[in-house]
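Here the UniProt record's numbering is used: position 65 in the sequence shown is 65, and no number is missing along the way. Below: one structure, written as C-alpha cells.
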Amino acid sequence: MYRRRRGFTLVELLVVIAIIGVLVGLLLPAVQAAREAARRMSCSNNFKQLGIAMHNYNDSFGRLPFATSCNINGAPPAGTGWTSNQRISWYHLILPFVEQESYYEQIKPLMESNSFPGGWAEATHIVPGFMCPSDPVHEKTTQQGFHGNYLPCHGSTHSGANGSTGQTNGILYPRSKTRLADIKDGTSNTVMMGEIRLQEDSIGASGPGNVVCGGTHDLRGRYHNTYHGNATFTTLRGPNPLVGDVAQYCNGTEKVPCRACSSGNNETHARSWHPGGAEIGLADGSVRFVAETIDQVIFQAAGTRNDGESLQLP
Numbered sequence: 001m002y003r004r005r006r007g008f009t010l011v012e013l014l015v016v017i018a019i020i021g022v023l024v025g026l027l028l029p030a031v032q033a034a035r036e037a038a039r040r041m042s043c044s045n046n047f048k049q050l051g052i053a054m055h056n057y058n059d060s061f062g063r064l065p066f067a068t069s070c071n072i073n074g075a076p077p078a079g080t081g082w083t084s085n086q087r088i089s090w091y092h093l094i095l096p097f098v099e100q101e102s103y104y105e106q107i108k109p110l111m112e113s114n115s116f117p118g119g120w121a122e123a124t125h126i127v128p129g130f131m132c133p134s135d136p137v138h139e140k141t142t143q144q145g146f147h148g149n150y151l152p153c154h155g156s157t158h159s160g161a162n163g164s165t166g167q168t169n170g171i172l173y174p175r176s177k178t179r180l181a182d183i184k185d186g187t188s189n190t191v192m193m194g195e196i197r198l199q200e201d202s203i204g205a206s207g208p209g210n211v212v213c214g215g216t217h218d219l220r221g222r223y224h225n226t227y228h229g230n231a232t233f234t235t236l237r238g239p240n241p242l243v244g245d246v247a248q249y250c251n252g253t254e255k256v257p258c259r260a261c262s263s264g265n266n267e268t269h270a271r272s273w274h275p276g277g278a279e280i281g282l283a284d285g286s287v288r289f290v291a292e293t294i295d296q297v298i299f300q301a302a303g304t305r306n307d308g309e310s311l312q313l314p
C-alpha cells in the first residue's frame with residue numbers, strides 16, 4: 001500500500017528560517033569585524049611605508065620634506081620669486097620614495113619651473129599608498145587634485161599659531177627644514193603622521209555646529225595645495241573629536257565635522273573610520289593605534305618635536 005510522505009509543516013519551516021536568520025545575525029558581525037581588521041592592517045602598513053619613505057628622504061637630503069611651499073594663507077613666501085601656483089607639498093617630494101618615480105618625473109618640470117597650477121589634469125593621479133581602505137571616500141579626486149587620508153603633523157596648535165610664517169612646534173610645517181636629529185623629544189615619542197576622514201564635495205551641513213563655507217568644496221586632505229592647513233593635521237585634540245575642524249573650505253557632516261572656515265588658523269584633527277581611534281605614525285617609523293579616549297595633554301605633547309616633554313603614547 002502506498003504511503004504518502006510527510007512534508008515540512010509551516011511551523012517547522014518557520015523554525016528553520018528563524019535558526020538560519022539567527023546564525024546569519026551571529027556571523028555577519030564577525031565577518032564585518034574581520035574585514036575591518038584587514039583594512040586596518042592595510043592602513044597600518046601604508047603608514048609604515050610612508051615612514052620608511054620619510055627616513056629615506058632624510059637620508060638623501062639631510063632633512064625631512066616640508067609640509068607645503070606656501071604661507072599658511074596660500075600666499076607665496078616673500079623674496080622667493082614663487083607665485084601662488086606653487087602648490088608643492090610633502091606628498092610630491094616623497095613620491096620617488098614610494099615607488100612613484102614615473103609620476104614624479106612627469107611633475108618635476110612643473111615644480112622646477114614654478115608653473116604648478118590648480119586644475120592640472122595630472123594632479124588627479126591616485127596613489128593607493130596614501131589612502132585608508134576603511135574610508136568610504138578614499139579615492140577622492142576633484143578638479144584641484146587627489147585627496148589622501150594621511151597627513152603630517154604640524155604640532156599641537158592651529159596652523160596659524162606663529163603668524164604668517166606658519167612655523168609651528170611639530171615636525172613638518174611650511175618650508176620646514178627639520179632633521180630627524182632636531183626631534184629632541186625622541187623619535188619614538190613624537191607624532192610625524194596621522195590619518196583623517198575625507199569629505200565629499202557638494203554635501204550640506206549636518207549636525208550641531210557644522211557649517212558649509214567656501215562654496216561646495218572640502219579641501220581637507222588635498223595634497224596639490226596652497227593652503228598648509230589642508231595638508232597637515234594637529235594633535236590639539238585627540239582622535240575623532242566631536243569638535244569640528246577649521247579649514248579654508250569645508251563641508252560639515254556628522255562624521256566629518258567642520259565648525260568654521262579660515263585661510264590661516266586651520267585645525268584638521270586626526271580622524272578615522274576604525275572603531276575607537278586612529279592610526280598614528282611616529283617619527284621613528286613605528287605605527288600606533290591611538291584611542292580616542294587618550295589624555296589630551298599626552299596627545300598634545302606627542303605632537304611637539306622639542307618641547308622637552310618625552311611622554312610616551314599608550
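Glycine is no exception: its CB is placed at the ideal position from the N, C-alpha and C atoms. For clarity, every value in this text was computed on a predicted model and none was experimentally measured.
Burial state of residue i (16 or more Cβ within 10 Å)
{"i": "VAL212", "result": "buried"}
{"i": "THR178", "result": "buried"}
{"i": "residue 317", "result": "Since the displayed the chain opens at 1 and closes at 314, residue 317 lies outside it and no answer follows."}
{"i": "VAL24", "result": "exposed"}
{"i": "LEU313", "result": "buried"}
{"i": "ILE19", "result": "exposed"}
{"i": "GLN199", "result": "buried"}
{"i": "ALA38", "result": "exposed"}
{"i": "PRO133", "result": "buried"}
{"i": "PRO65", "result": "buried"}
{"i": "PRO239", "result": "buried"}
{"i": "SER89", "result": "buried"}
{"i": "PRO136", "result": "exposed"}
8 Å contact criterion, which residue i and residue j should meet: CB distance rounded
{"i": "ARG284", "j": "CYS250", "result": "Residue identity differs from the one stated: residue 284 is Asp in this sequence, not Arg. Not really, about 32 Å apart at Cβ, beyond 8 Å."}
{"i": "ILE298", "j": "LEU311", "result": "5 Å"}
{"i": "GLY244", "j": "ASN210", "result": "6 Å"}
Check whether residue i and residue j have beta carbons under 8 Å apart
{"i": "PHE233", "j": "HIS274", "result": "no"}
{"i": "SER176", "j": "ALA67", "result": "yes"}
{"i": "LEU151", "j": "ALA231", "result": "yes"}
{"i": "HIS224", "j": "PHE146", "result": "yes"}
{"i": "THR190", "j": "ILE196", "result": "no"}
{"i": "PHE47", "j": "GLU292", "result": "no"}
{"i": "THR142", "j": "ASP185", "result": "no"}
{"i": "GLY277", "j": "VAL290", "result": "yes"}
{"i": "GLY170", "j": "ARG305", "result": "yes"}
Rounded straight-line distance, which links the Cα of residue j to that of residue i
{"i": "GLU309", "j": "THR235", "result": "14 Å"}
{"i": "THR124", "j": "LEU13", "result": "54 Å"}
{"i": "ASP307", "j": "THR187", "result": "13 Å"}
{"i": "ALA34", "j": "LEU50", "result": "25 Å"}
{"i": "LYS108", "j": "PRO29", "result": "47 Å"}
{"i": "ARG237", "j": "CYS261", "result": "18 Å"}
{"i": "LEU95", "j": "LEU26", "result": "44 Å"}
Would you be able to state if there are at least three C-beta pairs under 8 Å between the region 257-267 and the region 120-138?
-> no
Evaluate the contact criterion for the region 27-47 versus the region 151-158: three or more CB pairs, one atom per stretch, below 8 Å.
-> no
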